[in-house]
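Report on the structure given below.
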């Protein structure tokens, strides 16, 4: 998982990576919800 590799990725970066690798467009809110569900903390910077 990308977050395991680098925990400083932004939601926007993860969104772009998902689009590039899987050709799927996800909202940042969707990514955030899934990360929180996996017990990751999402911080706004």
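In our numbering, the protein residues as written are 8 to 52.
Note that the Cβ used here is the ideal one computed from N, Cα and C, for glycine as well.
Contacts around residue i, its chain only, beta-carbon distance under 7 Å, and the 5 residues preceding and following it disregarded
i: residue 25; result: 31 and 33
i: residue 9; result: 16, 21 and 24
Contact set for residue i: own chain, Cβ-Cβ below 6 Å, skip 5 residues either direction
i: residue 42; result: 49
Collapsed DSSP secondary structure at residue i in the structure displayed
i: residue 52; result: coil
i: residue 15; result: coil
i: residue 46; result: coil
i: residue 8; result: coil
i: residue 34; result: coil
Within-9 Å CB hit, residue i to chain B
i: residue 9; result: Any reference to chain B falls outside this structure, which holds one protein chain only.
Cβ neighbours of residue i in the same chain (closer than 8 Å, five flanking residues each side left out)
i: residue 70; result: In the structure displayed, the chain extends from 8 to 52; residue 70 sits before or after that span and is not available.
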